[in-house]
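Below you'll find the structure, written out as structure tokens, and then a few comments.
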């Protein structure tokens, strides 16, 4: 499916205010707001805990064991972007370390999401450059084959189109299509609006069974209580 | 990314002569002819050995543990199609058995490619209905939530757009974009054209080192022989 | 949870006529008839295709890399039994080969279900002694530590109590509690009774959508067709 | 094996003083004290490091991708309980987040042990509500099917009966049957009693070889030293 | 650890009569005869069932996604050899297909053992060229980087030195060091010598408990029978 | 391949100044300096973040579920050593806890690298005794079978010879053969020498494309820019 050897320089990014605002909602709420789709597979984990970001996707397609295109994608980064890296086959090599992170950060990238491995993770943490990856590995890569930049890619099981919004935190990584970003933000905010009230009720000992009026449908579904 | 709750009835299928002809080339040759892209992850395995098929993709998006949409996609099958089923989260449940296979076969489907499990595999083999799946499992599914039919889906790590050509055999499953089907067929045939001659040479004891003139580039790359 | 170092000689087996009759229904139908519970994890695979058996469970708990108790359980086998072997930790060693199979078969065992590895699989196939296992491995085991026989065990994620009925085929392995065996057999037969009629309808081109009257509930769930 | 659609309201919990006291011993010592059984599979990991708890098990059986019963089990929690959640098939979805944690905490639960995924992990850490899980995932769940509460369940390969004691820390999760809780506590304390003395000896440079008098049995087993 | 870019042309192969004779014993017996060491990890599976071979190892070290050295090793094959291929990182790509198999077979190779993927498996079966591999995959490889031939390699967790004997069948793959081949053959034959007699006894219903005189040591270990 | 039941007391360790100096370079740089070989599989992870060590390898071969030889290897530790533990089959049991760590630390060991599990990880962190392992598990082990000490072992896919240098940090674990330690240190230092300058350039916004003069070779490889 992939078009190889091309770099798209002009992509249409999601509205930056919307893209920026989604971080605060978090990946779980955003995922729910989209109707429970958009989530990358849960093997994608942050290399250090606590980061919570959103931004517009620039994508890169790499070959196994070859990080040449990482330098190509660096040039296409604009402030507020998150780089999303897909590989044409399964690979855990360390495609990305502190030098590339320095370059990405200088270009304004907020994070890297990569369906492979990274290294120099201690330094990346000190630089506060968050990465969500499938692996951590010292294994280096070569620079011999060309992939593509800013084509739609499948990363950890999810299609990411350049310009989409990526939301990532300790719970995982969600991709919001550009054209759904505004509606998703609104839905996510609505979802969160009454969470505080719910939390207070639950904290006071009210049960979800009562708060959500579940007793009747549970009985209708056949649930029996036995003393 | 996924649009939920929709069934696209009119999709543009790849030219059927082209789609049919690709089976004979096999997944490995077709994958090479496309520039080594298009392959679904190798965990996708045939439920019985020996089947080699190609056809046009109709796609279905399912929820974990819920096969309701399988009945919806059945109606959209045309003779020569291969059903490609994706799930919104990882799942190994048995979404498909002999009754659905009977229905799919009656509609003209040639195979199922599913990123989950199937069951009744002994009967499916007797029916000669090939399936490439991630798992075999007796685990049944419910019919409670709706997904979509004939939207682009990510199946086993690969984007499949309705109407694309799917080629599957004992080596795996490849997706050929509709618009590249003709060029891929031509490239694959060219690739295969001189394989007979090569095979004869190798069978006679000629080495690939000589046939492909690799000795010089290997030496240039630094290879040393030690006696 | 496990009681170690004990062999229960007197267990209450499920009615043998019922236990025998469940094989013909197959693991998928039996699993459905129980309300979609009772299935061992799908990593349990037959070492050769085509076997379809049922029988009463005698259980054995083994330690990693130690098959001593396999000889102890052999004595407790009665004709019509299936041995269910659990291990106290994850292990893929080959606990069972042609000699033990000869002994089990001589005692009347119909099959082995083991959450670990087996070996001599070519010979086991020639002997027609079916095994469902997690792995195939030449790795031998020692005889140094004692486990238990005929205590309730967890095998591949499922609790199996001695005397329960085990049903296994190419789709997987299901455990039917002794006290539910008769009701399950009846439910499974009922389930299968009208499958022939359904199959004929589907084969004639009738859609499941119509046969199961799904169009209305799908529309109610929000499914939209787009031309 | 599982009885579906039932909630047992009256379970017999292990003695609370015993249940409480086991936390201090830790999962490794408790596991040894029981004869090296009772451990849940090591893929069960804490969502944040440092928590060390014990408590009485209330159990819940859930279906894949469906967390409805989490609200049902909440009502059955008593102060000092640990909720143990099993799923009828493999699933990594995020069944549990900050709202449910608020409710569980309000009811007196000390922790959750779940053979699936959880989300809102940053907030859970802030709330100091520990969870041991198989995965972390933003993936939400539906509320459509009923399971059971307070039946015996298999969680991460281990049978847990309601009222058993669960001990969990950074090393893993152990289940102590209710009727063995007192004896296990005593055995664990005995085990720990002389650990301080051993530690001092080892710290002073004494070898385990000498402290445990292993040189002779090692030689008897055939160990040879080569200079 | 690996020396890169070298091809050792003169290796000392195990005695060919010994190497040939080990096939008949099978991997499980040979593994036992060596004291339960030498086994490659059990994820190494034959691409078709029934093959049982032994031969002398020629080794090749490859980089991920690059099969260039396969052509280099072909030249070093002598009749009776088995090629053992290791990769410097985890990879499932299809390094080997029918053309290379034709070349290997023409040179006298008996099999390939590869810690990665192969393709054209249907043709390989027709050619009766057995392969033990970690994966089957259509994914092709490039020819860009050099590894080594006939250096000691780690394949599927086991060290294989050129000239060692490899024994492979449906149960797995074992490596016998050259200098231990003769002793291993003798030990394996001794092991097998009295298997026929044992098998007859067990088939007649004699228990291993009695044949191996296990009742007393089991009782000494604390085993209790409960009626 | 393994020689069982032997303890080599006199091994030739790499020069200690060299071994000590490699820690500061880190596993990724050292791995590159060796030509991208020597890395243990990336499933080897530190039990707590931040440790960065190097030292000379003393090796131990253990059987699954049996840690007896851990006490034997303790005696062979000299200040500056790192213990490398391999297992004859896959195992996740907790072979090592705070008591053994106390002993190892008292003997001068800097770390443990083990292709299995460890426990008491909270205490190990408090002791600042770093471990790189495949798993964390409370599961205890027995002391019944003998392996070997200071023989070459395969640990996490890599051959480690006693006296080699091990370098481990948050990125992974690398093994440097003794005879290559000095050359590797020099190559690694050279590699690092101009990293500061590169980092400054990249931080100022210079692209790797320009700094490494990649534009021309990328164009030669066929890369196209599309506006």
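Protein chains in written order, with the numbering used here: chain A, 1 to 227; chain B, 1001 to 1227; chain C, 2001 to 2227; chain D, 3001 to 3227; chain E, 4001 to 4227; chain F, 5001 to 5227. Don't be surprised by glycine CBs; every beta carbon is placed ideally from N, CA and C.
Exercise. Just how far apart, CA to CA, sit residue 13 of chain A and residue 188 of chain A?
Worked result: Within the first chain, residue 13 of chain A is the residue found at index 13, counting from 1. Within the first chain, residue 188 of chain A is the residue found at index 188, counting from 1. In a straight line, the C-alpha of residue 13 of chain A is about 20 Å away from that of residue 188 of chain A.
Exercise. How many angstroms separate the CA atom of residue 3118 of chain D from the CA atom of residue 3098 of chain D?
Worked result: By one-based count along the fourth chain, residue 3118 of chain D stands at place 118. By one-based count along the fourth chain, residue 3098 of chain D stands at place 98. Taking C-alpha positions only, residue 3118 of chain D is separated from residue 3098 of chain D by approximately 10 Å.
Exercise. So what's residue 5159 of chain F in DSSP terms, helix, strand or just coil?
Worked result: Stepping through the sixth chain from its first residue, residue 5159 of chain F is reached at position 159. Strand.
Problem set entry | Sub-8 Å separation of residue 1092 of chain B and residue 1135 of chain B beta-carbons | Numbered from its first residue, the second chain carries residue 1092 of chain B at position 92. Numbered from its first residue, the second chain carries residue 1135 of chain B at position 135. Cβ atoms of residue 1092 of chain B and residue 1135 of chain B: closer than 8 Å.
Problem set entry | Classification of residue 139 of chain A by the beta-carbon crowding that lies within 10 angstroms, buried from 16 upward | Numbered from its first residue, the first chain carries residue 139 of chain A at position 139. By the neighbour-count definition (other C-beta atoms within 10 Å, threshold 16), residue 139 of chain A is a buried residue.
Exercise. Would you call residue 212 of chain A buried or exposed, if buried means 16 or more other Cβ atoms sit within 10 Å of its Cβ?
Worked result: As a working mapping, residue 212 of chain A is identified with position 212 in the first chain. With fewer than 16 other Cβ atoms within 10 Å, it is exposed.
Exercise. For the candidate residues C:2074, C:2168, C:2062 and C:2107, whose alpha-carbon lies nearest to that of residue 2089 of chain C?
Worked result: Numbered from its first residue, the third chain carries residue 2089 of chain C at position 89. Nearest C-alpha to residue 2089 of chain C: C:2062.
Exercise. So what does residue 5061 of chain F bridge to, in DSSP terms?
Worked result: Numbered from its first residue, the sixth chain carries residue 5061 of chain F at position 61. In DSSP, residue 5061 of chain F forms a bridge with F:5086 and F:5148.
Problem set entry | Close Cβ partners of residue 4069 of chain E (< 6 Å) along its chain, the five nearest in sequence each way excluded | Along the fifth chain, one-based indexing puts residue 4069 of chain E at 69. Cβ within range, chain order: 4060, 4062 and 4147.
For this session: Give a yes or no on whether the C-beta atoms belonging to residue 3026 of chain D and residue 3052 of chain D are separated by under 8 Å.
Result: In the fourth chain, residue 3026 of chain D corresponds to position 26, counting from 1. In the fourth chain, residue 3052 of chain D corresponds to position 52, counting from 1. Yes, the Cβ-Cβ distance between residue 3026 of chain D and residue 3052 of chain D is below 8 Å.
Problem set entry | Assumed close pair residue 2006 of chain C, residue 4226 of chain E - CB separation to whole angstroms, cut-off 8 Å | In the third chain, the residue the question calls residue 2006 of chain C occupies position 6. In the fifth chain, the residue the question calls residue 4226 of chain E occupies position 226. Yes, residue 2006 of chain C and residue 4226 of chain E are in contact; Cβ-Cβ is about 6 Å, under 8 Å.
Problem set entry | Any 3 or more C-beta pairs closer than 8 Å across the segment 2101-2112 of chain C and the segment 5101-5116 of chain F | no
For this session: Tell me where the alpha helix (DSSP H) around residue 1073 of chain B begins and ends.
Result: The sequence position of residue 1073 of chain B within the second chain is 73, counting from 1. Looking at the DSSP string, the run of the alpha helix (DSSP H) that includes residue 1073 of chain B is 1068-1076.
Exercise. Mind listing which residues of the segment 2037-2053 of chain C have their C-beta closer than 9 Å to chain D's C-betas, in chain order?
Worked result: 2037, 2038, 2039, 2041 and 2042
For this session: Establish whether the CB of residue 2193 of chain C and some CB of chain E are separated by less than 8 Å.
Result: For the purposes of this step, residue 2193 of chain C is identified with residue 193 of the third chain, where counting begins at 1. No - not a single Cβ of chain E is within 8 Å of the one on residue 2193 of chain C.
Exercise. For residue 2110 of chain C, which residues in chain E fall below 9 Å Cβ to Cβ?
Worked result: Position 110 of the third chain holds residue 2110 of chain C. Under the 9 Å cutoff, chain E gives no residues; its nearest Cβ is about 16 Å from residue 2110 of chain C.
Exercise. Going along the chain, which residues of its own chain have a beta-carbon closer than 8 Å to the beta-carbon of residue 2018 of chain C, five neighbours each way excluded?
Worked result: Taking the third chain and counting its residues from 1, one reaches residue 2018 of chain C at position 18. Cβ within range, chain order: 2165, 2181, 2182 and 2185.
Problem set entry | Nearest-angstrom Cα separation, counted from residue 2045 of chain C out to residue 1137 of chain B | As a working mapping, residue 1137 of chain B is identified with position 137 in the second chain. As a working mapping, residue 2045 of chain C is identified with position 45 in the third chain. So the two alpha carbons sit approximately 10 Å from each other.
Exercise. What residue from D:3204, D:3040 and D:3083 has the CA that sits closest to residue 3130 of chain D's CA?
Worked result: Against the fourth chain, residue 3130 of chain D aligns to sequence position 130. Of the listed residues, the one whose Cα sits closest to residue 3130 of chain D is D:3083.
Exercise. For residue 4120 of chain E, which residues in chain B fall below 7 Å Cβ to Cβ?
Worked result: Counting from 1 along the fifth chain, the entry for residue 4120 of chain E is found at position 120. Within chain B, the residues near residue 4120 of chain E are 1028 and 1171.
Exercise. What's the C-alpha gap between residue 1103 of chain B and residue 175 of chain A?
Worked result: Taking the first residue of the second chain as 1, we reach residue 1103 of chain B at position 103. Taking the first residue of the first chain as 1, we reach residue 175 of chain A at position 175. So the alpha carbons of these two residues sit roughly 36 Å apart.
Problem set entry | Candidates F:5058, F:5086, F:5195 and F:5162, of which the one nearest residue 5065 of chain F by Cα | Looking up residue 5065 of chain F in the sixth chain gives position 65. Answer by Cα proximity: F:5086.
For this session: Return the chain-ordered list of same chain residues with a C-beta closer than 8 Å to the C-beta of residue 1022 of chain B, the five sequence neighbours on each side being excluded.
Result: On the second chain, residue 1022 of chain B is found 22 positions in, with the first residue counted as 1. Residues of the same chain with a CB within less than 8 Å of the CB of residue 1022 of chain B, apart from the 5 flanking positions on each side, are 1030, 1054, 1165, 1167, 1176, 1181, 1184, 1185 and 1188 in chain order.
For this session: Determine the extent of the alpha helix (DSSP H) in which residue 198 of chain A is found, giving its start and end residues.
Result: The sequence position of residue 198 of chain A within the first chain is 198, counting from 1. Where residue 198 of chain A is concerned, the enclosing alpha helix (DSSP H) stretches over 195-203.
Problem set entry | Nearest residue (CA-CA) to residue 4067 of chain E, options E:4095, E:4057 and E:4076 | One-based indexing of the fifth chain puts residue 4067 of chain E at position 67. Measuring from the Cα of residue 4067 of chain E, the nearest candidate turns out to be E:4095.
For this session: Check whether the Cβ of residue 5082 of chain F lies closer than 7 Å to any heavy atom of the ligand MG, and answer yes or no.
Result: With respect to small molecules bound, the structure shown includes none, and the ligand MG cannot be examined in it.
Problem set entry | Residue-chain proximity (residue 2214 of chain C, chain B), Cβ-Cβ < 8 Å | By 1-based counting over the third chain, the position of residue 2214 of chain C is 214. For residue 2214 of chain C, the answer is yes, since a Cβ of chain B falls inside 8 Å of its Cβ.
Exercise. In whole angstroms, what is the alpha-carbon distance linking residue 1199 of chain B and residue 1206 of chain B?
Worked result: Translated into the one-based positions of the second chain, residue 1199 of chain B becomes position 199. Translated into the one-based positions of the second chain, residue 1206 of chain B becomes position 206. About 10 Å.
Problem set entry | Contact list for the segment 1061-1092 of chain B against chain D, Cβ threshold 9 Å | 1063, 1064, 1065, 1066, 1088, 1089, 1090, 1091 and 1092
For this session: Answer with yes or no whether the minimum CB distance from residue 3018 of chain D to chain B is below 8 Å.
Result: As a working note, residue 3018 of chain D is residue 18 in the fourth chain. By this cut-off, residue 3018 of chain D is not an interface position.
Problem set entry | Neighbour flag for residue 8 of chain A against chain B, beta carbons, 8 Å | Taking the first chain and counting its residues from 1, one reaches residue 8 of chain A at position 8. Not closer than 8 Å to any Cβ of chain B, the Cβ of residue 8 of chain A fails to qualify, so no.
For this session: For residue 4226 of chain E, decide whether its Cβ has a neighbour in chain C, counting only Cβ atoms nearer than 8 Å.
Result: Walking along the fifth chain from the start, residue 4226 of chain E turns up at place 226. Cβ-Cβ to chain C under 8 Å: yes for residue 4226 of chain E.
Exercise. I think residue 8 of chain A touches residue 149 of chain A, with their Cβ atoms under 8 Å apart; what is that distance to the nearest whole Å?
Worked result: One-based indexing of the first chain puts residue 8 of chain A at position 8. One-based indexing of the first chain puts residue 149 of chain A at position 149. Contact holds; Cβ gap of about 7 Å.
For this session: Specify the secondary structure class of residue 5218 of chain F as computed by DSSP and reduced to three states.
Result: Your numbering for residue 5218 of chain F matches position 218 in the sixth chain. In the structure shown, the three-state DSSP call for residue 5218 of chain F is helix.
Exercise. So, is the C-beta of residue 127 of chain A closer than 8 Å to a C-beta in chain B?
Worked result: Translated into positions along the first chain, residue 127 of chain A becomes position 127. Taking 8 Å as the CB threshold, residue 127 of chain A stays off the interface with chain B.
Exercise. Got a sec: is the Cβ-Cβ distance from residue 1144 of chain B to anything in chain D below 8 Å?
Worked result: Here residue 1144 of chain B refers to the residue found at position 144 when the second chain is read from its first residue. Interface residue, yes.
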